[in-house]
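The structure appears right after this line, and notes come after that.
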Amino acid sequence: MEVYHLSHIDLDGYGCQMVSNEFYKSAFKDCGLHYFNANYGREVGERLEQIYKRIKAQNIGSKAHILVSDLNLTLEECEKLAQVVLELNLSGFSVTFELLDHHKSGQECAQKYVWYVLDTKRCATKIVYDTLLERYGICDSIKAWLEPMVEMINSIDLWLEDTTFFEFGKVAMRLIVEAKELNRFMFDDEDREYKLALLRESVQFLSKSNGHILLDNAVLEMKKRFLKGSLLSDTLDNLISKYQSELLAQKAESCSVCWGKYRGFLSYSIGNISVLANLFLKNNPQFDFFVDVSARGNVSLRANNACDVSLLAKECFNGGGHPNASGGKIEGFKESFVYADIKASVQGLLETLD
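For the sequence shown, counting from 1, position 300 maps to 300 in my numbering; every step adds exactly one.
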């Protein structure tokens, strides 16, 4: 069975995925786990579309389960989900689905659909945990650390100030909110892995006296360790740039764009690319320029003496600047949450104006 789990982008949302990962790995030997995250708004629908496409790409007869957590869908999104699953099953697939949430704003949908589970008295992580525990069970060694983590997330998400883990939850909540070292649009899987790794490592402090203070003090070291460094090995900024540069190099082919005879690397919504772009171009001389596009269509361009990006900025993005550092803007830019859409749009613009 293939599991497709869509969840929110806060502590509760990632907590749901931490929980489902443990249960599905324990319950199924050959289970494929596919994770997606979304903020509210149009991104939810686009992530669901990604899931539908992934399932359709599987062999007819394949089994799949769609789990949505910590997100309340609109009536239109619910109708689309139910319709797509029906069509998939009629065409030979075996697809099940459910939504586990705690936001009162989903009450209308919950009253209409039996698969829409709504409980405002538990956070989504706890709902997912209780549901999967009853369905599959789990070994005591995992339950010993996972259940307290679930209670911690429940205490902070529902703001239960008198509970044991509330202060710890405040630190854990900030841990996720401020874990922005990896851009989730360029490094979707890696960003999620990073946040879940930080959550799992925080377990060691949960049962200790003043554990919230110990966790607060340990965050920087935890981040540096994940980014292949240590507390005294280098600055966080340098470790981030090195780590991201290595990840970008792995995407060399899929992220290439061309402007005339010049080859560029396109990133989306990374921002503040000066250090990263220069390091990447130095380590990957097959690229002549680096271009980053923001969600609002702002363009940042960097080069390493192989291409005059001020000319590129002027001709293609109504901007300008220096030969190795320039910027501009794409007028009428249409935001997307799927990188492939951004690349097609930018490449089309470069081909039109080169």
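The beta carbon of each residue, even a glycine, is placed where N, CA and C say it ideally should be.
Between Leu75 and Cys109, the C-beta gap is smaller than 8 Å, which places the two residues in contact. In the pairwise beta carbon analysis, the segment 207-221 is classified as not touching the segment 250-262: fewer than three pairs are separated by under 8 Å.
Just so you know, the alpha carbons of Ile153 and Phe280 end up roughly 38 Å apart. Around the CB of Gln111, fewer than 16 other CB atoms lie within 10 Å, so the residue is classed as exposed. CA-to-CA, the gap between Val338 and His34 works out to about 16 Å. Under the DSSP assignment, Arg200 falls outside any beta strand (DSSP E), being part of the alpha helix (DSSP H) whose first and last residues are 188-206. In this structure, DSSP gives Tyr40 a state outside helix and strand, which the three-state scheme calls coil. Of all C-beta pairs linking the segment 1-21 to the segment 40-54, three or more are shorter than 8 Å, placing the two stretches in contact.
If you compare the alpha carbons of Cys316, Ser326, Asn324, Gly327 with that of Ser345, the shortest gap goes to Cys316.
The residue from Asp10, Leu132, Gly211 with its alpha-carbon nearest to that of Phe36 is Asp10. When the five nearest sequence neighbours on each side are left out, the beta carbons in the same chain lying within less than 7 Å of the beta carbon of Leu247 are those of Phe187, Glu190, in order along the chain. A Cβ-Cβ separation of about 7 Å places Ser207 in contact with Pro148 under the 8 Å criterion. Under the three-state reduction of DSSP, Asp341 is assigned to helix. For Phe185, the three-state secondary structure derived from DSSP is coil. The continuous stretches of beta strand (DSSP E) do not include Asn238, which lies in the alpha helix (DSSP H) extending over residues 236-249.
Around the Cβ of Leu236, a 10 Å sphere holds fewer than 16 other Cβ atoms; the residue is exposed.
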